[in-house]
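These notes concern the structure reproduced below.
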Amino acid sequence: MIKYNPLKIEQKWQNFWEKNNTFFSKIKKNLKKYYILEMFPYPSGDIHMGHVRNYTLGDLVARYKRANGFNVLHPMGWDSFGLPAENAAISNKVHPKTWTEKNIQNMKTQLKKMGLSYDWTKELSTCSSNYYKHEQKIFIEFYKKGLAYQKETIVNWDPVEQTVLANEQVIEGRGWRSDAKIEKKRMKGWFLKITDFAEELLEDLKALKNWPEKVKLMQKNWIGKSFGAHIDFHVEEINDKITVFSTRPDTLFGASFIALSPDHKLVNKIKKNYPSLNKELKKLNLNNTNEQNLDRIEKIGIKTSLKASHPFIKNKLIPIFIANFVLIDYGTGAIFGCPAHDQRDFDFAKKYNLEIIEVVCKEENQKRKSKLTKAYTESGYLTNSDFLNGLTVNDAIEVSIKRLEELNLGSKSINYRLKDWGVSRQRYWGCPIPIIYCKNCGIQTVPEKDLPVKLPENINFQNSGNPLSSQSDWINVKCPKCSKDAKRETDTFDTFFESSWYFARFTDPNHEDAINEKQADYWLPVDQYIGGVEHAVLHLLYSRFFIKAMNRIKLINISEPFKSLQTQGMVCHQTYKNNNNEWIFPKDIRKLNDKFFSINDNQMVLPGRIEKMSKSKKNVVDPNIIISKYGADTARFFILSDSPPQRDMEWTDEGVEGASRFLNKVWQLINSNDFTNIPFQQVKHINENDFHIFSCTFKTIEKVTKAIDDFHFNIAIANIRSLFNELNLYKTETENDMIIKKFCISNFLILLNPICPHICEEAWHVINNKQSISDISWPRVDISYLDEDQITLPIQINGKRRGEIKISKSFNEKEIQNLALNHKNVSRFLNEPPKKIIYIPNKIINIVI
RNA sequence: GCGAGCGUGGCGGAAUAGGUAGACGCACUGGACUUAAAAUCCAGUGACCAUAUGGUCGUGGGGGUUCAAGUCCCCCCGCUCGUACCA
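Count along the first sequence from 1, then add 9; that gives the number in our numbering.
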């Protein structure tokens, strides 16, 4: 028998698919389309296990849908702008373009070895001007429609990377890549009006039936819709007003102070008459007041000399503070404090000795004897509140807003936590923002005929900051309007810009316009999107917004990009440390009697926690090594077999060995008989054994189909293995047996094919089926084999299992009861007649005594 | 703090219109083959009791509903993820 040689057969079939354009996709109007997409990778140079998992999941779905008669689009490309290329340019003196292109070549070679059913003619790379030129046009369209604008804001400045980060890129006050402490800085930048779509983004979540609830909830919280009122507090002294947002206008009679964010515009105004204010502001410890660590610092404020008028109480003046806990980015950057009913305000009032006026109590007309020890934030009835007295909180909110509106001092309003998306990055390796600044004409967009604005190729990376800003030959241009000297925008786009629409571009990546309407209308939306849960709010929300914005400028006809979403768990591995507390790679370890030793110096190594594979902890396994040792089919099989896709999985040597052992056994089974002259057809069963193997086969088809539809691939594999065990037990004595066995093995191979396509193609070929298994339809279930006449029925006494009987389904209830009562282990419990017998047909019989 | 999810053998995990808990695999143990080991094949494998037919216990803990609970309800504990002075 020929030995199973995965490397040889994998190469063979990969060549076959490529030569035959097996996975090339085009519009076929008579077929139902299916667009399956995995999140495209950043080309770091080498694939890792996370990629292997993600792409294996997608490939299984692609091949499965294809077998089920769908017209499948399954593309792959490269999210190829981004900082690592630039860092490599600085440290290795390689041009980002050269570095990136080399990485893409490497990764593509590695991906091809996995045998993924991509249509490589759809490949795209976002750093190519053929891709980003469309992005520039889209941006200009957005700008013209008011969806893109420039403003000065306070940004998160990463002093190491010399760039602005999005809030999402700041983790606990530190840059997500550099880990440097983030500073606040005022800067001009370009923004996309995602807030324009806040309501739509929130509302449309409801229609995303096949998205994980968890992801939808995260997006909902991120958008952060709240109902309340804007309220104006007049400050007579300076003839100005402070507008606050509040969800609790009902507590206005309990207001005892106003607090402004240190970044509030009025603070600047106050500074003029208050020279020492700058000094005092420093005391607020503002460098620590980013959103992440606010809760760890003390709530402190500066009392200004100003007072504001209460909207409802004549002549009542409320002191105005500047406080460190008021956020400029949320609401209006100013609040009114009601200490009795908000814990933050309560703490603040205690510290500065401010009034604590109780205006809501649990019971109507409740009189409190003792002082409040903490804020009362629950619902109740209004008190001490003039015209609101006796109303419930909800009613009081309505009434107070109505009164504010009558007084022209406020209005009902809805506030969102969501902020506009800042897209400017002070970086070279990104898409240039197509804007020209002219002293006379102001901001000008680059005329269409001059697009794309290409990145200059000769560039010096040795200066700090954005290399583009020192590139004078590139910066200096003529104004498109007045033709006088002008300058280019030197910022480039956030790389989330590219990934927000690539899935639409995949439908025709070489079309002269951004979107080929005909192709997009046919293929979009993406039917199944698969990727890491870490993109739950960033990439997925931006993409949803982008599609809605592109829809508004009539570039696209859909309003949601991803019909169904699956998020995969992480690939984990045991960590190891040596005596010097250094991490050790798993490949440098050998196991001996449950202990671990370093291969290099034979020192004992201690096993640590099982954690997400990461380079820093060295608990990584290189997929390339696995594939060259065991083959892609083994890697694919193992990564799907042990855990459900949504959950984290542990990569183990034993698991891989197990997968490899299974495929070797499959190989043996195929080669143990000569099937070459046996026809592939379903014949009638003659005896019970034949019936049994048919029954197993069809039951397995049914179970595997359901498991795949449910995204429970580990269960699909368990069932495939069970069928395999049965096939191994099936003895072939006659020609008819051989026909039956070939039929069942063939079906087994079709089920296994989406998981391990190479070995299945080869096996299919070995048993002398002529076509490629990739062109074979998913098997149908012959339901006549699902129903077995003989079944085993468990017998319970008082819910405890005491035995089982073999019954025929044709037996009536009386017959079954008699059989059960006379069962020898059952009868010995029956000292008296049973009180009750419960029979659930074909499931169980329970005798109550 | 809030929100979500999870908790089943030594391990990964099966099983929810309530109906034989532990499928499938990993690890382990015994046997076969071998001079030997590896590989492979066969058998066993939740715990405890019993020579055995069998019995008792058992799905984080406690209570409840039911003929019957991993599954439904209430309380508690633990872990993971998300998120946070959101006014």
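The C-beta atom is built at its ideal place from N, Cα and C for all residues, glycine as well.
These figures come from a predicted structure and were not determined experimentally.
For residue i, three-class secondary structure by DSSP
{"i": "V164", "result": "strand"}
{"i": "W592", "result": "strand"}
{"i": "T801", "result": "strand"}
{"i": "I468", "result": "coil"}
{"i": "K215", "result": "helix"}
{"i": "W199", "result": "strand"}
{"i": "P105", "result": "helix"}
{"i": "K12", "result": "coil"}
{"i": "T256", "result": "coil"}
{"i": "Y437", "result": "coil"}
{"i": "K670", "result": "Checking the sequence, you will find Arg at residue 670 rather than Lys. Three-state result, R670: helix."}
{"i": "I858", "result": "coil"}
{"i": "A3", "result": "This structure leaves residue 3 out entirely; the chain is present only between 10 and 858."}
{"i": "F733", "result": "helix"}
{"i": "V432", "result": "coil"}
{"i": "N299", "result": "Note on N299: pLDDT 47, under 50, position unreliable in the model; the coordinate value appears next. In this structure, N299 counts as coil in the three-state DSSP scheme."}
{"i": "Y385", "result": "coil"}
{"i": "G67", "result": "helix"}
{"i": "S508", "result": "helix"}
Residues sharing a beta bridge with residue i, DSSP
{"i": "E47", "result": "I539"}
{"i": "F266", "result": "G346"}
{"i": "L391", "result": "V369"}
{"i": "F236", "result": "I423"}
{"i": "D249", "result": "V244"}
{"i": "A157", "result": "L201"}
{"i": "C447", "result": "G451, A495"}
Under 8 Å between C-beta atoms of residue i and residue j
{"i": "W430", "j": "L201", "result": "yes"}
{"i": "C769", "j": "F646", "result": "no"}
{"i": "V790", "j": "F733", "result": "no"}
{"i": "V70", "j": "Q537", "result": "yes"}
{"i": "N112", "j": "S53", "result": "yes"}
{"i": "I331", "j": "A317", "result": "no"}
{"i": "K308", "j": "K380", "result": "no"}
{"i": "S652", "j": "I726", "result": "no"}
{"i": "I240", "j": "V253", "result": "yes"}
{"i": "I856", "j": "Q805", "result": "yes"}
{"i": "I423", "j": "P258", "result": "no"}
{"i": "W532", "j": "Y44", "result": "yes"}
Residues near residue i in its chain [Cβ-Cβ closer than 6 Å; skip 5 each side]
{"i": "D354", "result": "G346, C347, P348"}
{"i": "D351", "result": "A384"}
{"i": "I337", "result": "S270, D272"}
{"i": "N80", "result": "K37, L40, K42"}
{"i": "I11", "result": "none"}
{"i": "I853", "result": "P803"}
{"i": "L290", "result": "P271"}
{"i": "R426", "result": "G233"}
{"i": "K325", "result": "H319"}
{"i": "M123", "result": "A641"}
Proximal residues to residue i (C-beta, below 7 Å), its chain only, five neighbours per side dropped
{"i": "P168", "result": "A189, E192"}
{"i": "F506", "result": "E144, V432, C440"}
{"i": "K490", "result": "C447, C450, Q453"}
{"i": "L214", "result": "K225, Q228, K229"}
{"i": "I687", "result": "M747, I748, K751"}
{"i": "N127", "result": "Per the sequence shown, the amino acid found at residue 127 is Tyr instead of Asn. Within the same chain, Y127 has close Cβ partners F32, H83, P84, M85."}
Cβ neighbours of residue i in the same chain (closer than 8 Å, five flanking residues each side left out)
{"i": "P465", "result": "L477, Q480, D482, W483"}
{"i": "L828", "result": "I814, I816, F820"}
{"i": "P93", "result": "Y51, S53"}
{"i": "L16", "result": "S637, G640"}
{"i": "N77", "result": "S786, W787"}
{"i": "K154", "result": "R561, I562"}
At least 3 beta-carbon pairs within less than 8 Å: the region 441-457 vs the region 144-154: yes
Inter-stretch contact (C-beta, 8 Å, three-pair minimum) for the region 578-587 and the region 265-283: no
contact_flag[the region 510-523, the region 491-501] where n(CB pairs < 8 Å) is 3 or more: no
Sufficient close CB pairs (3 or more, under 8 Å) joining the region 542-562 to the region 599-610: no
At least three beta-carbon pairs within less than 8 Å, the region 104-120 to the region 523-540: no
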